[in-house]
Amino acid sequence: MNKVKSLYIHIPFCTNICDYCDFTKLQYFRNFAEKYLIALKDELNSYPIKNLKTIYVGGGTPTALDDDLFEELLKIISIYSEGVKEYTFEANPESLSPFKISLLKKYGVNRISIGVQTTNQKILDNLNRRHSFSQVIQAVECLKNNGIENINIDLILGLPHASKKILRQDLTNILKLEPKHISCYGLTIHSHTALFNKGFKEPNEDDLRLYYDIVEEILVANGFIHYEVSNWAKNGYQSEHNMTYWRNEQYYGIGLGASGYIGETRYKNTTNLSKYLARAFVGDKEFVSNNDKITYQIMLNLRTIEGLDVSIVKHKHKEITEMIDRNLLKLENNRVFPTYEGMMVLDSIILKLL
Amino acid sequence: MNFEQKKIRNFSIVAHIDHGKSTLADRILELTGAIEAREMKDQILDSMDLERERGITIKLNAVTLSYHADDGEDYVFNLIDTPGHVDFTYEVSRSLAACEGALLVVDATQGVEAQTLANAYLAVDNDLEIVPVINKVDLPSANPQMAKDEIEKKIGIPCDEAVEVSAKTGLHVHELLEAIVKGVPAPHGDLNAPLKALIFDSYYDPYRGVIVLVRIKDGQVKVGDKICLMQAGKEYQIIELGIRTPNELKTDVLTAGQVGYIAAQIKDIKDVRPGDTVTLVDNPAKEALPGYRIMNPMVYCGLYPVDSDDYLDLKEALEKLTLNDASLQFVAETSQALGFGFRCGFLGLLHMDVVQERLEREYNLDLILTAPSVIYRVHMTDGEVINLDNPSKMPDSSKVSYIEEPYIKANIMTPKEYIGPIMELCRDRRGIYENLDYFDDTRMVLTYELPLSEIVYNFFDKLKSYTKGYASFDYDFSDYKRADLVKLDILLNGQVVDALSSIIYRPDGYHRGLGIIRKIKTVIPRQQFEIPIQAAIGGKVVARCDVKAVRKDVLAKCYGGDISRKKKLLEKQKEGKKRMKKVGSVEVPQEAFMSILSIDEEDN
């Protein structure tokens with residue numbers, strides 16, 4: 056029986072590269088994108104994909120494709136999208152044109168994740184992001200006019216020149232758009248990114264925590280549920296696709312550099328476009344033993360307030376009790392899950408339970 | 219080979235560290251045909267990797283060589299290598315006792331140094347004939363005449379016939395071999411007397427048991443003979459005899475004057491003590507040879523396995539090391555913080571370092587060392603005197619009348635421009651000034667009495683950095699002196715950590731305490747709760763700092779592609795945590811236990 060119910064598709068192209076980005080991404084060239092879509096179709100065909108519950112198209116920038124190629128992509132996916140409960144596209148505000156939005160609507164996409172990062176224009180310019188907040192407002196309005204209400208906004212905390220004041224302003228601006236879902240990520244600076252090369256540093260632990268405290272305070276006050284370390288949603292709008300990862304369930308990963316988990320194998324596709332176009336899709340494979348599976352279960356399940364079946368860590372009774380006393384964990388209905396405080400220091404919790 | 223006594227020459231090479239002793243030994247080996255040049259590793263007698271890496275000789279080593287001299291005769295040379303570092307004086311005296319002569323090597327660019335003097339005096343004490351050798355004469359900055367003048371003036375050995383060599387290029391090493399034939403006396407043992415053989419080293423061989431290296435002083439010994447180790451009172455039958463060239467060469471008999479090895483299925487390494495005398499059961503010697511001055515350890519520390527399952531392995535490894543390192547001592551001890559381990563005694567800090575590295579490399583052990591301590595003499599109010607080698611065992615202060623600590627006499631030889639900084643350093647370390655003398659036109663010898671505990675704590679490094687490496691240093695135990703000492707405790711999360719206790723000079727209490735806790739703060743990672751670190755003297759907290767609780771440690775993103783990477787990262791962290799010790803509920807990394815040693819005054 057096929058238990059894989061989720062599909063991730065990676066579109067690696069961007070019209071411009073953001074300074075912090077560590078994902079598999081390439082400057083957009085139409086010529087490559089055309090070939091890429093054909094290869095992508097072949098890769099999809101190589102798996103027995105059916106009866107999906109969620110599809111997530113991420114990048115790169117899926118909306119960077121020219122309109123005809125964008126529709127081509129939607130057509131390729133349409134074979135699999137029937138009956139899907141949650142169908143997400145990632146988008147940049149500047150490339151989310153009314154025409155593309157109409158295509159998304161037409162092909163049944165029902166959730167959009169917009170990379171906003173901050174609403175502060177100076178910081179955006181510094182990051183080589185080519186959009187303004189007014190473009191975000193227009194895009195959101197247009198999505199809503201097309202009946203796509205399930206919108207996520209991504210924010211990055213601790214960007215160069217960030218401050219608590221700017222963060223509060225960001226949150227106020229974004230709440231006015233009435234998104235159903237907000238993701239907040241601490242800035243991580245990877246080598247080989249422009250930010251790293253410019254000598255910028257990641258925010259320190261204490262500053263980053265202060266930023267998260269502000270987000271928590273404001274979003275919870277506005278009716279959001281903090282359901283995962285970096286994710287807040289209105290009730291009923293938790294991302295089903297992302298929950299697949301955190302429930303340690305299987306998923307297909309399709310496209311350059313995408314990762315998947317099928318059966319007892321976790322795999323990562325090649326990040327080399329020539330190899331990908333030569334149909335050498337899979338790069339690394341990891342066999343997941345029963346022990347590994349438990350490790351994954353612990354580290355992933357504890358990220359959300361759904362938590363972990365306590366019987367999996369029953370030999371850690373003392374540690375769990377201690378952490379419940381420290382207000383890091385809670386135990387209800389035989390599931391152990393993190394408090395807000397626990398989500399912030401989840402690594403230290405997991406290390407005690409592994 | 220011809221083993222007539224008059225054709226035998228037994229000698230050691232002594233020198234200040236880096237004056238080229240091991241290189242010269244290699245060259246002698248090469249010229250006597252013991253090894254072909256192409257077989258040579260650099261410094262073949264330094265058999266441990268550690269020795270070769272650090273360029274120091276730790277273990278002594280003996281080799282038998284044959285030499286066809288210019289007089290047409292064939293001679294047998296027994297070369298016994300010696301360590302050059304001040305910590306290993308004991309080993310030098312061991313090898314000297316097996317010889318009739320010593321080559322005193324002096325670097326022609328450096329002249330006489332502190333340990334040249336110390337080692338030369340040891341050789342003279344052992345009634346050895348000294349053959350002066352001026353080395354490194356190929357270097358442009360060499361000044362052989364200066365080196366000779368210094369040997370004559372400072373040590374009182376005539377240098378008319380000193381050989382000027384370059385061990386590196388082999389220049390005049392042949393002349394040196396001739397000088398050995400002429401200058402080193404032949405042994406004059408009594409072939410017909412009962413067997414007396416001096417044990418000067420031993421090592422363990424898994425197939426043959428303990429192999430004993432001996433110098434036959436009187437009589438002879440054959441395969442099959444029953445022997446007795448006089449001090450240990452143990453008897454064995456000899457199954458194999460031989461010499462090392464340096465490859466082992468079996469023989470049927472060893473006679474007076476020879477140096478060789480004995481294998482007698484000796485199982486218990488504790489039975490073989492260097493300095494003991496081997497004799498025959500059937501025809502025993504009346505009395506044993508004088509043996510060695512037993513060197514007492516000066517520095518003690520706790521040695522604990524990181525993984526408590528390794529305790530027995532550590533014990534076995536220490537037993538093996540003591541086999542040929544009589545100066546290493548150990549007894550089992552328990553620490554609340556560290557579990558089961560050993561209190562070990564060392565001749566000095568380098569010795570401690572070397573033992574630690576050998577345990578970690580040769581025996582593959584992960585160790586935690588507590589800060590080194592000297593032996594304090596604690597006088598109790600009831601008149602009892604306790605020798606204290608573990609600060610955490612300090613009796614309650616109400617029962618202590620006074621405490622004495624060991625002092626050393628340090629001779630520091632230095633170019634005169636560094637006298638000021640060195641005197642300041644010695645004053646900071648509670649040194650008592652004794653003397654200042656000109657050694658020659660440019661160098662002076664400063665004599666200070668210093669508490670040993672102050673030397674233990676980064677004195678060498680300081681001396682080196684104050685003098686750009688030009689000062690040389692030699693010390694000897696002098697006596698115990700009364701001092702205002704007090705136990706400094708470190709508390710983690712309110713709990714005294716026994717392994718972090720130290721005994722300090724009371725007026726330094728606050729600064730030392732603060733220095734230590736600040737250092738510890740930098741090595742303890744943030745944990746799920748705030749951890750106060752306190753320094754306390756006599757139960758009273760004198761300084762405090764805190765390790766804040768972890769505030770944010772989880773990476774914000776964990777989607778499809780991040781999952782495998784994140785697992786690997788967590789597993790790596792988990793491994794790192796395994797290397798930490800749990801003190802109460804606090805996880806403490808190994809470095810914390812050494813932080814007492816590594817604090818710098820600048821940090822205070």
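Sequence lines, in order, name chains A and B.
Numbering-wise, the working numbering puts 237 at position 182 of the first sequence, and it's gapless, one number per residue.
Numbering-wise, the working numbering puts 285 at position 67 of the second sequence, and it's gapless, one number per residue.
Note that the Cβ used here is the ideal one computed from N, Cα and C, for glycine as well.
Checklist entry - Listed from N- to C-terminal order along the chain, which residues in the region 750-769 of chain B have their beta-carbon within a distance smaller than 7 Å of any beta-carbon of chain A? => result Val768 and Arg769
Next on the checklist: Excluding the 5 residues flanking Glu149/A on each side, which residues of the same chain have their C-beta closer than 7 Å to its C-beta?
Outcome noted: The sequence position of residue 149/A within the first sequence is 94, counting from 1. Correct list, in chain order: Arg185, His186 and Gln190.
Checklist entry - Taking only beta-carbon atoms, is Gly308/A less than 8 Å away from chain B? => result Walking along the first sequence from the start, residue 308/A turns up at place 253. Cβ-Cβ to chain B under 8 Å: yes for Gly308/A.
Next on the checklist: Let me check understanding here. Comparing Cα to Cα, which of Glu374/A, Met298/A, Lys219/A and Ile229/A lies closest to Leu409/A?
Outcome noted: As a working mapping, residue 409/A is identified with position 354 in the first sequence. Nearest of Glu374/A, Met298/A, Lys219/A and Ile229/A to Leu409/A, Cα basis: Glu374/A.
Item to check | Beta-carbon proximity check, Met570/B vs Phe695/B, cutoff 8 Å | outcome: Counting from one through the second sequence, the residue named residue 570/B turns up at place 352. Counting from one through the second sequence, the residue named residue 695/B turns up at place 477. Result no, Cβ atoms of Met570/B and Phe695/B do not sit closer than 8 Å.
Item to check | contact_flag[the region 261-277 of chain A, the region 225-237 of chain A] where n(CB pairs < 8 Å) is 3 or more | outcome: yes
Next on the checklist: Let me see if you follow: with CB-CB separation under 8 Å, is Met298/A close to chain B or not?
Outcome noted: Taking the first residue of the first sequence as position 1, residue 298/A is located at position 243. Not one chain B Cβ lies under 8 Å of Met298/A.
Checklist entry - Where do the N-terminal and C-terminal ends of the beta strand (DSSP E) with Pro425/B fall, by residue? => result To locate residue 425/B, count along the second sequence from 1; it is residue 207. The residue asked about is misnamed: residue 425/B is Tyr in this sequence, not Pro. From DSSP, Tyr425/B is part of no beta strand (DSSP E); its letter is neither H nor E.
Checklist entry - Considering only the beta carbon of each residue, do Tyr83/A and Cys73/A sit closer than 8 Å? => result Here residue 83/A refers to the residue found at position 28 when the first sequence is read from its first residue. Here residue 73/A refers to the residue found at position 18 when the first sequence is read from its first residue. Cβ atoms of Tyr83/A and Cys73/A: not closer than 8 Å.
Checklist entry - What are the start and end residues of each continuous beta strand (DSSP E) run of 3 or more residues lying completely inside the region 492-569 of chain B, in chain order? => result 495-498, 517-523, 547-553 and 557-564
Checklist entry - For Asp122/A and chain B, any beta-carbon pair shorter than 8 Å? => result For the purposes of this step, residue 122/A is taken as residue 67 along the first sequence, with counting starting at 1. So, not an interface residue.
Item to check | Limits of the beta strand (DSSP E) - the one that Ala628/B falls within | outcome: On the second sequence, residue 628/B is found 410 positions in, with the first residue counted as 1. Looking at the DSSP string, the run of the beta strand (DSSP E) that includes Ala628/B is Val618 to Pro633.
Next on the checklist: So with CB distances below 7 Å, who are the chain A contacts of Lys775/B?
Outcome noted: Within the second sequence, the letter at position 557 stands for residue 775/B. Here the neighbours are Tyr240 and Ser285.
Item to check | Through-space distance from Ile231/B to Ala824/B, alpha-carbon basis | outcome: Because chain B is modelled from 219 through 822, residue 824/B falls outside the range shown and cannot be assessed.
Checklist entry - Is the region 759-768 of chain B close to the region 486-503 of chain B, with three or more CB pairs under 8 Å? => result no
Next on the checklist: Is Arg270/B close to chain A? Criterion is C-beta to C-beta, closer than 8 Å.
Outcome noted: Taking the first residue of the second sequence as position 1, residue 270/B is located at position 52. Confidence at Arg270/B is low in this model, with a pLDDT of 47, below 50, so its placement is unreliable and no value can be given for it.
Checklist entry - Can you name, in chain order, every residue of its own chain whose Cβ lies under 8 Å from the Cβ of Asn608/B, other than the five neighbours on each side? => result In the second sequence, the residue the question calls residue 608/B occupies position 390. For Asn608/B, where only same-chain residues beyond five positions count, the Cβ hits under 8 Å are Tyr518, Gly520, Glu551, Arg561 and Ser591.
Checklist entry - Shorter than 8 Å from the beta carbon of Arg358/A to some beta carbon of chain B? => result Position 303 of the first sequence, counted from the start, is the residue given in the question as residue 358/A. So, interface residue.
Checklist entry - Val499/B: buried (16+ other C-beta within 10 angstroms of its C-beta) or exposed? => result Within the second sequence, numbered from 1, the residue matching residue 499/B stands at position 281. Result: exposed.
Item to check | Phe747/B: contacting residues in chain A (beta-carbon distance under 8 Å) | outcome: As a first step, residue 747/B is located in the second sequence; it is residue number 529 there, counting from the start. Correct list: Arg381.
Next on the checklist: Report the CB separation of Ile375/B from Ile398/B in whole angstroms; it is logged as a contact under 8 Å.
Outcome noted: Position 157 of the second sequence holds residue 375/B. Position 180 of the second sequence holds residue 398/B. With 8 Å as the limit, Ile375/B and Ile398/B do not qualify as a contact, their Cβ atoms being about 16 Å apart.
Checklist entry - Span of the alpha helix (DSSP H) holding Gly733/B? => result Against the second sequence, residue 733/B aligns to sequence position 515. Gly733/B -> alpha helix (DSSP H) spans Gly727 to Val741.
Item to check | Spatial distance of Asp679/B from Ser690/B (CA atoms) | outcome: Walking along the second sequence from the start, residue 679/B turns up at place 461. Walking along the second sequence from the start, residue 690/B turns up at place 472. Whole-angstrom Cα-Cα distance: 12 Å.
Checklist entry - When you compare each of Ser314/A, Leu263/A, Thr116/A and His370/A to Ile169/A by their alpha carbons, which one comes out closest? => result As a first step, residue 169/A must be located in the first sequence, where it is residue number 114. Per the Cα distances, Thr116/A.
Checklist entry - Under three-state DSSP, which class holds Pro362/B? => result Sequence index remark: in the second sequence, residue 362/B carries index 144 (1-based). Helix.
Next on the checklist: If contacts are defined as beta-carbon pairs under 8 Å, then Ile637/B and Met662/B qualify, I think. What distance do you get, rounded to the angstrom?
Outcome noted: The residue you call residue 637/B lines up with position 419 of the second sequence. The residue you call residue 662/B lines up with position 444 of the second sequence. About 6 Å; that satisfies the 8 Å criterion.
Item to check | First and last residue of the uninterrupted alpha helix (DSSP H) at Met354/A | outcome: Start at 1 with the first residue of the first sequence, and residue 354/A comes out as number 299. Element bounds for Met354/A: Asn345 to Asn356.
Checklist entry - Once you ignore the five residues that flank Val714/B on each side, which residues in its own chain have a CB closer than 6 Å to its CB? => result Residue numbering aside, residue 714/B sits at position 496 when the second sequence is read from its first letter. Excluding positions up to five away in sequence, the list reads Asp707.
Next on the checklist: Let's see if you can read the secondary structure: which residues bound the alpha helix (DSSP H) around Leu95/A?
Outcome noted: The sequence position of residue 95/A within the first sequence is 40, counting from 1. Its alpha helix (DSSP H) spans residues Arg85 to Asn100.
Next on the checklist: Is it the case that the region 618-628 of chain B contacts the region 698-705 of chain B, given that we only count it when at least three CB pairs across the two stretches are under 8 Å?
Outcome noted: yes
Next on the checklist: Spatial neighbours of Gly238/B within its chain, please: C-beta separation below 7 Å, excluding the five flanking residues on both sides.
Outcome noted: Taking the first residue of the second sequence as position 1, residue 238/B is located at position 20. Within the same chain, Gly238/B has close Cβ partners Val323, Asp325, Asn353, Lys354 and Ala385.
Item to check | For Pro639/B, the first and last residue of its enclosing alpha helix (DSSP H) | outcome: Residue numbering aside, residue 639/B sits at position 421 when the second sequence is read from its first letter. Per DSSP, Pro639/B belongs to the alpha helix (DSSP H) from Ile637 to Asp646.
Checklist entry - Of all the residues that make up the region 330-353 of chain A, which are near chain B by a beta-carbon distance shorter than 7 Å? => result Glu341, Thr350 and Tyr351
Item to check | Test item: CB-CB of Val195/A and Ile206/A under 8 Å | outcome: Against the first sequence, residue 195/A aligns to sequence position 140. Against the first sequence, residue 206/A aligns to sequence position 151. Yes.
Checklist entry - If you drop the 5 nearest sequence neighbours on each side, which residues of the same chain put their C-beta closer than 7 Å to that of Val163/B? => result Nothing can be reported for residue 163/B, as the shown portion of chain B is limited to 219 through 822.
Next on the checklist: Under 8 Å: do the region 384-395 of chain A and the region 361-374 of chain A share three or more Cβ pairs, one atom per stretch?
Outcome noted: yes
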